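Quick note on the numbering used here: the sequence shown kicks off at 42 and runs consecutively.
Working notes, structure below.
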Amino acid sequence: MELGEIARLVGECRKCGLHRNRKQAVPGVGNPRAKVVFVGEAPGYWEDQQGKPFVGRAGKLLDEVLTSAGIKREDVFITNVVKCRPPGNRRPSKEEMEACIPYLNMQLESIGPRVIVPLGAVAGETIARKYGLPWSGMFKENGVERKVVTILGEVTVIPAIHPAAVLRNPENKGMLVRAIEKLKEFI
Ligand code: SF4
């Protein structure tokens with residue numbers, strides 16, 4: 042399915058309670074043939090306002106680290122595990138994630154990336170579970186490359202610390218930089 046059609050389905054979706062408080066759904070943006078797909082946890086306030094992922098302070102930090110690594114945002118695709126903002130930016134519930142994950146699966150099948158970069162523990166655990174990979178927490182998994190064979194061929198999963206976690210603890214910026222540096226060989 043084309044990404045535009047998936048975005049249309051997301052925009053009309055009422056499969057979980059998160060649709061009630063959203064200003065707009067945030068399906069994801071980027072290159073429909075991206076070699077690298079970033080997957081965050083959920084939209085925040087600014088993402089909900091603008092309908093685009095990673096446009097707040099965390100998004101600006103991600104942009105800065107990508108630019109430093111010579112990676113352009115328009116070359117990658119960025120989305121989230123859940124497509125509507127949880128009230129107060131709370132962690133999405135298991136039920137909400139289960140309701141929404143089919144859209145992420147469809148996006149990944151449509152794009153066929155070589156690399157998936159889950160940003161943060163929620164996305165990291167979700168992607169690890171999807172592909173039957175081990176998960177031992179963000180601090181151990183950051184930047185660790187794991188290869189999985191999917192119906193679309195071999196995919197490398199490289200978890201990275203969430204930029205919002207770096208904003209809370211700037212001393213962790215090196216973790217994000219190290220994980221993003223690993224993407225250079227794939228782009
Ligand atoms: Fe639908 Fe996902 Fe939004 Fe829930 S979070 S309403 S499943 S698009």
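Glycine included, C-beta positions come from ideal geometry on N, C-alpha and C.
Treat the numbers as computed from the prediction; the structure is a model and nothing was measured.
Give a yes or no on contact between the region 114–132 and the region 181–199, applying the rule of three or more CB pairs nearer than 8 angstroms.
The answer is no - the region 181–199 does not touch the region 114–132, with fewer than three Cβ pairs under 8 angstroms.
Return helix, strand or coil for Phe-180, following the three-state DSSP convention.
In the three-state reduction of the DSSP assignment, Phe-180 falls in the helix class.
Which residue from Ile-47, Pro-143 and Val-185 puts its Cα closest to that of Val-156?
Per the Cα distances, Val-185.
Ligand 1: which residues have Cβ under 7 angstroms from any of its heavy atoms, chain order?
Any residue whose Cβ sits closer than 7 angstroms to a heavy atom of ligand 1 makes the list: Val-51, Cys-54, Arg-55, Lys-56, Cys-57, Leu-59, His-60, Arg-63, Ala-66, Val-123, Lys-124, Cys-125, Glu-137, Ala-140, Cys-141 and Tyr-144.
Return yes when at least one heavy atom of ligand 2 lies under 7 angstroms from the C-beta of Lys-214, else no.
For the structure depicted, ligand 2 is absent and the ligand set comprises only ligand 1.
Would you say the region 127–142 touches the region 73–81, given that touching needs at least three Cβ pairs under 8 angstroms?
The region 127–142, when compared against the region 73–81, does not touch it at the 8 angstroms Cβ threshold.
Report all residues from its chain with a CB closer than 7 angstroms to the CB of Lys-64; omit the five preceding and five following residues, and keep chain order.
Apart from sequence neighbours up to five positions away, the residues of its chain that approach Lys-64 with a beta-carbon distance below 7 angstroms are Asp-89 and Gln-90, ordered along the chain.
Going by DSSP, which residues form a beta bridge with Phe-95?
In DSSP, Phe-95 forms no bridge with anything.
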